[in-house]
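In the UniProt record's numbering, the protein residues as written are 1 to 340.
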């Protein structure tokens, strides 16, 4: 009896008793398919000399196997892709996309077009979007949600919004940081960050939670609007202290990069850390453990973040239901808040 000639994915699907989409994923070694099924489908393909023509496959499926990653930046910020936290998160996303057979198209809101739906989806540049950060309540994200296109956001869940977010428990992180400073005897704690950003607003709420719990008055003068850079951290604390403002004994910086800039200025002025001013950052970038003194910080789980962003998006592309996730944070205590 003449053996059936395999010409299409449908032929393999029929032989393997699985769907065509499962065959397609198995041939691309996609981990969404079990290893046993992948090996079986791949064996059938080898036995029948079947290979997928990538170009033809894209034309048939209208899939690009490319995911666009947009990093949200305000026009006036000095923050860039080289930010250590962003680099760590983007690296995890890239590794995870590679594992699933996808390419990554990276851009920022400083260069990206305003019409994301038309540019990325209608023109077939990408199968989905990962948006890192929410900026100052950017309306382009809401426009994507209204067009029902597949995307996920690294940020904080916003009430009444119809899109999926993966983010750290920023409010808890702010609370843990400020409670630790209070426990160490700090009573006048500066908050350094820009609460126009959703994530940073949550850290500010955590700051308030800890102060309210300890019966400390919330002083608006202690909130210093600061860009997410070491340079602005340096100049904001310099302006505050040289301006003869209220004395402070603790600082909660919403990022390690800000905190490191603050520490540079304090070191130049021979202000003892933590003897005179204790400092806590946020993110736990690699440099935090090697600064002098080493920086107490709130650690975000970037590995879990990158993996979840990719896995949730691929499920969304496959029309599977997905939900937002809040990741735990951890206070990492080092020398900048501990007397040695």
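Beta carbons: idealized from backbone N, C-alpha and C, even for Gly.
Note that the structure is predicted; figures quoted are calculated from it, not measured.
Residue i: CB within 7 Å of a non-hydrogen atom of the ligand NAD
{"i": "residue 148", "result": "For the ligand NAD, the structure offers nothing, since it holds no ligand at all."}
Per-residue DSSP class, three states only, for residue i
{"i": "residue 144", "result": "helix"}
{"i": "residue 295", "result": "coil"}
{"i": "residue 252", "result": "strand"}
{"i": "residue 107", "result": "strand"}
{"i": "residue 94", "result": "helix"}
{"i": "residue 23", "result": "helix"}
{"i": "residue 8", "result": "coil"}
{"i": "residue 387", "result": "As shown, the chain starts at 1 and ends at 340. That puts residue 387 outside it, with no answer to give."}
{"i": "residue 339", "result": "coil"}
{"i": "residue 16", "result": "helix"}
{"i": "residue 32", "result": "coil"}
{"i": "residue 237", "result": "helix"}
{"i": "residue 85", "result": "helix"}
{"i": "residue 66", "result": "strand"}
{"i": "residue 40", "result": "helix"}
{"i": "residue 121", "result": "helix"}
{"i": "residue 151", "result": "strand"}
Chain C contact for residue i (CB, 8 Å cutoff)
{"i": "residue 267", "result": "This model lacks chain C altogether; it includes just one protein chain."}
Length of the line joining the Cα atoms of residue i and residue j
{"i": "residue 54", "j": "residue 285", "result": "Its pLDDT being 49, under 50, residue 54 is placed unreliably in this model, and the value from its coordinates should be taken loosely. So the two alpha carbons sit approximately 39 Å from each other."}
{"i": "residue 94", "j": "residue 209", "result": "36 Å"}
{"i": "residue 179", "j": "residue 299", "result": "16 Å"}
{"i": "residue 47", "j": "residue 281", "result": "57 Å"}
{"i": "residue 296", "j": "residue 303", "result": "20 Å"}
{"i": "residue 12", "j": "residue 24", "result": "10 Å"}
{"i": "residue 16", "j": "residue 81", "result": "45 Å"}
{"i": "residue 198", "j": "residue 27", "result": "41 Å"}
{"i": "residue 29", "j": "residue 21", "result": "12 Å"}
{"i": "residue 269", "j": "residue 120", "result": "50 Å"}
{"i": "residue 289", "j": "residue 332", "result": "10 Å"}
{"i": "residue 14", "j": "residue 329", "result": "47 Å"}
{"i": "residue 273", "j": "residue 219", "result": "23 Å"}
{"i": "residue 37", "j": "residue 18", "result": "9 Å"}
{"i": "residue 99", "j": "residue 31", "result": "8 Å"}
{"i": "residue 42", "j": "residue 97", "result": "21 Å"}
{"i": "residue 194", "j": "residue 50", "result": "56 Å"}
{"i": "residue 45", "j": "residue 158", "result": "46 Å"}
{"i": "residue 83", "j": "residue 319", "result": "34 Å"}
{"i": "residue 60", "j": "residue 122", "result": "Only weak support is given to the placement of residue 60: the predicted model assigns it a pLDDT of 45, under 50, and the value that follows is read from those uncertain coordinates. Spanning the two alpha carbons is a distance of roughly 16 Å."}
{"i": "residue 147", "j": "residue 118", "result": "10 Å"}
{"i": "residue 10", "j": "residue 69", "result": "32 Å"}
{"i": "residue 311", "j": "residue 92", "result": "12 Å"}
{"i": "residue 204", "j": "residue 171", "result": "7 Å"}
{"i": "residue 196", "j": "residue 173", "result": "18 Å"}
{"i": "residue 35", "j": "residue 287", "result": "39 Å"}
{"i": "residue 321", "j": "residue 152", "result": "12 Å"}
{"i": "residue 243", "j": "residue 234", "result": "14 Å"}
Proximal residues to residue i (C-beta, below 8 Å), its chain only, five neighbours per side dropped
{"i": "residue 66", "result": "102, 103, 104, 105, 125, 126 and 127"}
{"i": "residue 150", "result": "127, 128, 129, 313, 316 and 317"}
{"i": "residue 230", "result": "257, 258, 260, 261 and 264"}
{"i": "residue 277", "result": "248, 249, 250, 251, 266 and 271"}
{"i": "residue 154", "result": "89, 130, 131, 132, 133, 165, 166, 167, 305 and 309"}
{"i": "residue 8", "result": "none"}
{"i": "residue 78", "result": "227, 229, 231 and 232"}
{"i": "residue 221", "result": "245 and 246"}
{"i": "residue 275", "result": "339"}
{"i": "residue 307", "result": "92 and 96"}
Contacting residues, own chain, Cβ-Cβ under 6 Å from residue i (five flanking each side not counted)
{"i": "residue 335", "result": "293 and 294"}
{"i": "residue 175", "result": "206, 209 and 210"}
{"i": "residue 162", "result": "145"}
{"i": "residue 108", "result": "71 and 73"}
{"i": "residue 142", "result": "none"}
{"i": "residue 338", "result": "none"}
{"i": "residue 238", "result": "265"}
{"i": "residue 324", "result": "157, 164 and 165"}
{"i": "residue 202", "result": "156, 170 and 171"}
Same chain only: Cβ atoms within 7 Å of residue i, ignoring 5 sequence neighbours per side
{"i": "residue 236", "result": "192, 224 and 226"}
{"i": "residue 40", "result": "16"}
{"i": "residue 33", "result": "22, 25 and 26"}
{"i": "residue 283", "result": "85, 255, 256, 297 and 300"}
{"i": "residue 169", "result": "326, 327, 328 and 329"}
{"i": "residue 64", "result": "58, 124, 125, 126 and 127"}
{"i": "residue 181", "result": "189, 250, 252, 278, 280 and 337"}
_alpha helix (DSSP H) runs contained entirely in the segment 255-337, provided each spans 4 or more residues_ = For the segment 255-337, whole alpha helix (DSSP H) runs of length 4 or above, ordered along the chain, are 256-268 and 302-317.
*Mind listing, in chain order, the continuous beta strand (DSSP E) runs of no fewer than 3 residues lying wholly within the segment 165-233?*
The segment 165-233 contains, as complete beta strand (DSSP E) runs of 3+ residues, the segments 189-192 (chain order).
*asked:* If contact is defined by three or more beta carbon pairs under 8 Å, each pair taking one atom from either stretch, is the segment 213-222 in contact with the segment 169-189?
replied: With a cut-off of 8 Å, the segment 213-222 and the segment 169-189 count as touching, because enough Cβ pairs lie within range.
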